[in-house]
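Colleague:
2 protein chains.
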Amino acid sequence: MISRLIHIDATSDDSLQSQIRHKLVEGILVGSFASGTKLPSSRKLATQLGVSRNTVVLVYQALIDEGYIESRERSGIYVSNNISQGKVELNEQQQPSYDASSTNNHHRFKGALATTNATSCPQNWHKFSFPFIDGKFDSSLYPVKEWREANNKANTTREIYQWSELQGAEDDPRLQDEIRTKILPRRGIQANRDEILITVGSQQALHLICQLFVDNSVTVSIEEPGYPEMRELLTKQGAKLHYQAIDDKGLVVNEQLDKCDIIYTTPSHQTPTSITMSMDRRDEVLQKAHEQDILIIEDDFEFESNFLGQPHPALRSLDNDNRVVYISCLSKVLASGVQIGFIVADAGVIAELKKLRKMVMRNPPLNNQRAVAYFLSLGFYDAFMMHLHKVFFERWLTLREALNTYLPNCIDTGPIQGGTAYWITGPEQLDGEYLREEAAKLGILIEPVKRYFASTEHPENCFRMGVTSIPNDKIREGVQRLAELIHKLTATYEEKLTNAKGKLLNNEALMQLLPNALLECQMVYGVPCLIELLSDGTMKGRTGGTGSEVDSGRWWIEKGMYYRQWKLWAYGEVKGFYVIMDGDEMKWFDQKYCFVRQLELKGYKGKI
Amino acid sequence: MISRLIHIDATSDDSLQSQIRHKLVEGILVGSFASGTKLPSSRKLATQLGVSRNTVVLVYQALIDEGYIESRERSGIYVSNNISQGKVELNEQQQPSYDASSTNNHHRFKGALATTNATSCPQNWHKFSFPFIDGKFDSSLYPVKEWREANNKANTTREIYQWSELQGAEDDPRLQDEIRTKILPRRGIQANRDEILITVGSQQALHLICQLFVDNSVTVSIEEPGYPEMRELLTKQGAKLHYQAIDDKGLVVNEQLDKCDIIYTTPSHQTPTSITMSMDRRDEVLQKAHEQDILIIEDDFEFESNFLGQPHPALRSLDNDNRVVYISCLSKVLASGVQIGFIVADAGVIAELKKLRKMVMRNPPLNNQRAVAYFLSLGFYDAFMMHLHKVFFERWLTLREALNTYLPNCIDTGPIQGGTAYWITGPEQLDGEYLREEAAKLGILIEPVKRYFASTEHPENCFRMGVTSIPNDKIREGVQRLAELIHKLTATYEEKLTNAKGKLLNNEALMQLLPNALLECQMVYGVPCLIELLSDGTMKGRTGGTGSEVDSGRWWIEKGMYYRQWKLWAYGEVKGFYVIMDGDEMKWFDQKYCFVRQLELKGYKGKI
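Protein sequences appear in the order of chains A and U. For the first sequence, the working numbering assigns the number 1 to the initial residue and increments by one for each residue that follows. For the second sequence, the working numbering assigns the number 609 to the initial residue and increments by one for each residue that follows.
1. If you reduce the DSSP assignment to three classes, tell me which class L698/U lands in.
2. Give me the Cα-Cα distance between I39/A and S80/A, rounded to the nearest whole angstrom.
3. My understanding is that A654/U touches N975/U, with C-beta atoms under 8 Å, so please give their C-beta distance in whole angstroms.
4. F612/A and P267/A: beta carbons closer than 8 Å?
5. Please list, in chain order, the chain U residues whose beta carbon lies closer than 7 Å to that of R231/A.
6. Contact check, T413/A vs Y525/A under 8 Å by CB: the rounded distance?
7. With DSSP as the reference, label R370/A as helix, strand or coil.
8. Can you tell me which residues form a DSSP beta bridge with Y562/A?
9. Between L308/A and S985/U, what straight-line distance do the alpha-carbon atoms span, to the nearest angstrom?
10. Any beta-carbon of chain A closer than 8 Å to the one on T765/U?
11. Would you please state the rounded distance, in angstroms, between the beta carbons of T468/A and L430/A? I believe it to be under 8 Å.
12. Could you tell me the boundaries of the beta strand (DSSP E) in which C462/A lies?
13. Note down, in chain order, every chain U residue with its Cβ under 8 Å from the Cβ of H126/A.
14. Could you confirm whether any beta carbon from chain A is found closer than 8 Å to the beta carbon of V861/U?
15. What span of residues does the beta strand (DSSP E) with R72/A cover, start to end?
16. Does the CB of D954/U have a neighbour CB from chain A at under 8 Å?
17. Taking Cβ positions, are Y264/A and T405/A nearer each other than 8 Å?
18. Spatial neighbours of L639/A within its chain, please: CB distance less than 7 Å, with the 5 preceding and 5 following residues excluded, ordered by chain position.
19. Quick check: is the beta carbon of A46/A nearer than 8 Å to any beta carbon in chain U?
20. With DSSP as the reference, label C622/A as helix, strand or coil.
21. Considering only their Cβ atoms, is the gap separating L1141/U from W1163/U smaller than 8 Å?
22. So, under 8 Å CB-CB, I475/A and L353/A are touching, yes? Tell me the CB distance rounded to an integer number of Å.
23. For the segment 348-376 of chain A, which residues have a CB atom closer than 8 Å to at least one CB atom of chain U, in sequence order?
24. Whether or not the segment 498-506 of chain A and the segment 581-595 of chain A are in contact is what I'm after, with contact meaning three or more pairs of Cβ atoms, one per stretch, closer than 8 Å; do they touch?
25. Is there at least one Cβ from chain U nearer than 8 Å to T181/A's Cβ?
26. Since V325/A is in the beta strand (DSSP E), which residue starts that stretch and which ends it?
27. So, does the CB of G658/U fall closer than 8 Å to a CB anywhere in chain A?
28. Which one or two residues does DSSP pair with G1155/U in a beta bridge?
29. Within 10 angstroms of its Cβ, does K592/A collect 16 or more other Cβ (buried), or is it exposed?
30. Under a three-way DSSP split, which group does I64/A fall into?
31. Could you give the DSSP three-state label for D990/U: helix, strand or coil?
32. For L403/A, tell me which candidate among T498/A, L518/A and W569/A has the shortest Cα-Cα distance.
33. Give me the chain U residues within the contact set of A34/A, using Cβ-Cβ distance strictly less than 9 Å, ordered along the chain.
34. Just mark P921/U as buried or exposed, buried being the case when its beta carbon has 16 or more other beta carbons within 10 Å.
35. Can you look up C529/A in the DSSP assignment and give me helix, strand or coil?
36. Please confirm whether I768/U has its beta-carbon closer than 8 Å to some beta-carbon of chain A.
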């Protein structure tokens, strides 16, 4: 082994001794010869290298003197334990293989990525107490036992012979069949084997599709804000990009799309806002594509996590016109390690994509294709998805509840139905990037949104919070701390009891106004909430929208403040508020005189 | 499940009944509802779809009448077994998801591969009796037991938590360490972790490198003949290509390289000729790169299979100038399923390649990275490589011996030292492509060479024979049959005893000439062989070149023919030849008067 590493150059100006010494030291420092490795005897090494034994003896002796290697009695020569232990840090820094004058290759980079690969979170995200990061996963979610079983099944002798013979460019037909019978029907999609291509995750699917359909003659519509990695891929292909707005029904469909050759969209849960495209909008997009002869790339990266209401059928399943190229992947929890994604399109497109895939990579690892086929066929995937759905739904509700409790009338998440992240619009004056930095110092990770915008113009007061990486029991505390920070950062802009417009109500005015009052306020997630204060001191609440909730509680007046306690909402805690009336708007302030929320007093006609 | 697949469009002109029917039939034909699947009761499906029960009853009844589904007493409605069994063939052909008028997307292909992805062999190669195909592997070679053990170790609960947390763009540091301490030192290369990037096979390594270094301003030298997939990648990047010749020392180094920015080369065993680049040539290439500021891409795809002599150090290990980007992969036997390759380059290049890799795919599957790390750390890889080396060496020698026995003075393999394929030059008049077609009819697969040439001008009489896919005990018979075919195809051009130039020797002349004669001929693999015919009827033979062989045997003269029998050579068989002298050249013809081989009679001064 070691002799192979030492190449003697007879024509070198360097002496034999020096050449051998140099290679040995380099090997020890770089770690190619680990501490404690036994070196060949001087006699043996000399024979192997074809040099005199004395040459090797002299080299060894010098290295022993210097502490690189050590001679152990009756045993032989070993790489010293001390030298490499003490020097690892240093050696990681240096580049011992090259001269100081070695060439720098940067000037040769033709396809270097100028724009960064900015990531959404630090590498060590799991060391933060409150990681509200979407798309990272706490490892408790990994279906360890089930993966092991599927993986074992895929690696019996018989199975190995089967999948190792698929070598070439073909996919495992078993996985194709599992996808087309178990995954695609959930999305309303039917497909033959030759309409499916397996990829190394959905990122590769996007890459291949860009390679096939996009060059500098093509105009592509991409959502703004949208998925930055796709923007990067398209830019690298030289595409002309059109940035299309989204609204609360998903991608806006208007005449601006007419000039586009391709529409890239994320209808299930728009990246990054999590908005689900409405059925009407789906029809409009397909209609537009039909009229203008546009190809649609449907990125269904998160199809399983619609918490409120039924999932909508994929665009691909509604398309009678063969214009939709559909991309999806296994749940990201599984996919992040095993990396299986897929494309569904007509057989002609799949055949061409397969050729491209062969050119850039041959095929996705076949052992994993087979293991995932078993994971599906054994029913593990269904069970796993149900489990994930439950866990994420719970976290998603917990986060919504906490945001609603600690940041009412302060933030807005939009009326989303699912997904694993909230797109949060904070107070106008909030600097989202500064908030992120300050929050990180408190152990709270939130995601900045700048990277989702192509335009340099983007809302400064937005950020994202996800639920895939944070355990349920951490969410409330994290939001509470974040809320305190936001209030601190926006304190100078917020209305205070001391400077609020309107009239502060005293005990008597409260007694006159509140019994039988009907109050309407807005949840942070965009639905109204009606609160009825009954004259017997009880109260009822009901939220609007999909997944409407009800609760009851009690209320009273004490020392010029309105107190209330819900059974479930707001964690069942007693809270007291100062109340100011400003027209028919009621404003609540807490004991520290800070603004809490604004409500409309229904049927109020200026009684106070 | 099934109700999700059926999307009712209230605005459609199609009746509800027709819509439900259409989706059910489609699902059955495509196989989304497999034979024997139980369908929901009409009551349940009606509720799920929000239609009247009668609607569903009518649809079901019609489908029962038509045989698509069947009602089983006291059990329910099932997808019929007959219908899908009988129709699989047909259904695979049709595209039921789309209208006949559906859009064809071919006009949208921007990055389609014009040149095809031609492959070197048919998909069903393992059904041929004599598959002399390089790069395909009979599954007996797969290290099943060892792979299972490594894979098991990588999938314990603790390990899964570890690798699943590496999600993002990072490689498994354990695999990096195994590569840098166990694989790279064999090639004389030392590298830090940040100088290594893991890829999905070596094809992805090439793709990433092309993406980084190549655009239409770059001139790349590529070997002619050379690796066609690399030519395709470069062409797709818009590179200007320069085709550089090779000789028996590898890539020719001359002033034609001066205009190139990049040299792509396969020094270990040149693709496709298997020629190993000499040490001198390696120095020349590096020197040229230094003088002309050229980057070298060293594709060391097959570094382990040098059968004769020591392997040469990689260019990367000889490079003091940081100009070599090194690519390799695990043995292809393992890699073909698991797909692990790697790049070694300076840290700046690796960092940029990692960004590109993230954009096109995130990272290579981490479960496989960890499993391969164990495969290496447990020592399985070393043992496996030794085994493979032994097996391939044995086959390689068997093939050489067979070629030499059955096709002497007819073909030429060049003086190669290793690799797993022979590049064979046949008789001038041979049409290699026609030979391939005719051989395939006899169950013999040989590889055509056209795809290795960029130029339309290529030798018509060449083909390749590999040893990775054919068991040792099949080789001799395959070559024997191939030799018969070649002689048949070139019969009209070959010299015959009946029309040969020179003088046919009779018994007496043979008796006069042969005792104590020294004959020299050429092996098909380019080394001389000296045969000494002693006067006592024994003979000795010795081949030249690396790996020189000796044998002895007996010879005699009988009925105007020279007979001989080696102990080992030519399978120890007795063979008789007619002998013609033409100048100092001796020519042998077999009993069918066909030409066998030509020899030089040393020291012959026209005695006959």
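By construction, the Cβ of each residue, glycine as well, lies at the ideal position given by its N, Cα and C atoms. Note that this is a predicted model, so its numbers are computed, not measured.
Modeller: Concretely, from the data shown:
1. Here residue 698/U corresponds to residue number 90 of the second sequence, with the count starting at 1. Below a pLDDT of 50, predicted positions are generally treated as unreliable, and L698/U, at 27, falls in that range; no measurement from the model is reported.
2. Numbered from 1 along the first sequence, position 39 holds the residue referred to as residue 39/A. Numbered from 1 along the first sequence, position 80 holds the residue referred to as residue 80/A. For the sequence presented, residue 39/A should be read as Leu rather than Ile. Each residue's Cα considered, the two are about 11 Å apart.
3. The residue you call residue 654/U lines up with position 46 of the second sequence. The residue you call residue 975/U lines up with position 367 of the second sequence. That belief does not hold up - the Cβ atoms of A654/U and N975/U are roughly 45 Å apart, past 8 Å.
4. Residue 612/A falls outside the range modelled here, since chain A spans only 1 to 608, and no answer is possible.
5. The residue you call residue 231/A lines up with position 231 of the first sequence. Residues of chain U passing the Cβ test: none, with the nearest at roughly 11 Å.
6. Taking the first residue of the first sequence as position 1, residue 413/A is located at position 413. Taking the first residue of the first sequence as position 1, residue 525/A is located at position 525. Confirmed, Cβ separation roughly 5 Å.
7. Taking the first sequence and counting its residues from 1, the one referred to as residue 370/A is at position 370. Note: R370/A maps to helix in three-state DSSP.
8. If you number the first sequence from 1, residue 562/A lands on position 562. Paired residue(s): I557/A and F577/A.
9. Within the first sequence, residue 308/A is the residue found at index 308, counting from 1. Within the second sequence, residue 985/U is the residue found at index 377, counting from 1. Their Cα atoms are separated by approximately 49 Å.
10. Taking the second sequence and counting its residues from 1, one reaches residue 765/U at position 157. Answer yes: the Cβ-Cβ gap between T765/U and chain A drops below 8 Å somewhere.
11. Sequence index remark: in the first sequence, residue 468/A carries index 468 (1-based). Sequence index remark: in the first sequence, residue 430/A carries index 430 (1-based). Incorrect: roughly 24 Å between the Cβ atoms, too far for contact.
12. By one-based count along the first sequence, residue 462/A stands at place 462. Counting along the chain, the beta strand (DSSP E) containing C462/A begins and ends at C462 to G466.
13. As a first step, residue 126/A must be located in the first sequence, where it is residue number 126. Per Cβ cutoff of 8 Å: E773.
14. Counting from one through the second sequence, the residue named residue 861/U turns up at place 253. Not an interface residue.
15. Against the first sequence, residue 72/A aligns to sequence position 72. That run of the beta strand (DSSP E) goes I69 to R72.
16. Within the second sequence, the letter at position 346 stands for residue 954/U. Closer than 8 Å: yes.
17. Within the first sequence, residue 264/A is the residue found at index 264, counting from 1. Within the first sequence, residue 405/A is the residue found at index 405, counting from 1. In this structure, T405/A does not lie closer than 8 Å to Y264/A by Cβ.
18. A query on residue 639/A cannot be resolved here, the shown segment of chain A reaching from 1 to 608 and no further.
19. Here the question's residue 46/A lines up with position 46 in the first sequence. Cβ-Cβ to chain U under 8 Å: no for A46/A.
20. Because residue 622/A is not part of the residues shown, which for chain A are 1 to 608, the question remains open.
21. As a working mapping, residue 1163/U is identified with position 555 in the second sequence. As a working mapping, residue 1141/U is identified with position 533 in the second sequence. Yes.
22. In the first sequence, the residue the question calls residue 475/A occupies position 475. In the first sequence, the residue the question calls residue 353/A occupies position 353. That pair is no contact at about 41 Å.
23. G348, V349, E352, K355, L356, K358, M359, V360, M361, R362, N363, P364, P365, L366, N367 and N368
24. yes
25. Residue mapping note: residue 181/A aligns to position 181 of the first sequence, counting from 1. It does: the Cβ of T181/A has a partner Cβ on chain U nearer than 8 Å.
26. Translated into positions along the first sequence, residue 325/A becomes position 325. Start and end: V324 to C329.
27. Reading the second sequence from its first residue, position 50 is the one you call residue 658/U. No, its Cβ sits nowhere closer than 8 Å to a Cβ of chain A.
28. Translated into positions along the second sequence, residue 1155/U becomes position 547. For G1155/U, which the question treats as bridged, DSSP gives no partner whatsoever.
29. In the first sequence, residue 592/A corresponds to position 592, counting from 1. Label assigned to K592/A: exposed.
30. What you label residue 64/A is simply residue 64 of the first sequence in a count that begins at 1. Helix, per DSSP.
31. Numbered from 1 along the second sequence, position 382 holds the residue referred to as residue 990/U. Looking at D990/U - three-state DSSP - the assignment turns out to be helix.
32. For the purposes of this step, residue 403/A is taken as the residue at position 403 of the first sequence. The shortest C-alpha separation from L403/A is found at W569/A.
33. One-based indexing of the first sequence puts residue 34/A at position 34. Under the 9 Å cutoff, chain U gives T789.
34. Here residue 921/U is taken as the residue at index 313 of the second sequence, counted from 1. Burial call: buried.
35. In the first sequence, counting from the first residue as 1, residue 529/A sits at position 529. Residue state, collapsed to three classes: strand.
36. In the second sequence, the residue the question calls residue 768/U occupies position 160. Judged by the 8 Å Cβ criterion, I768/U is in contact with chain A.
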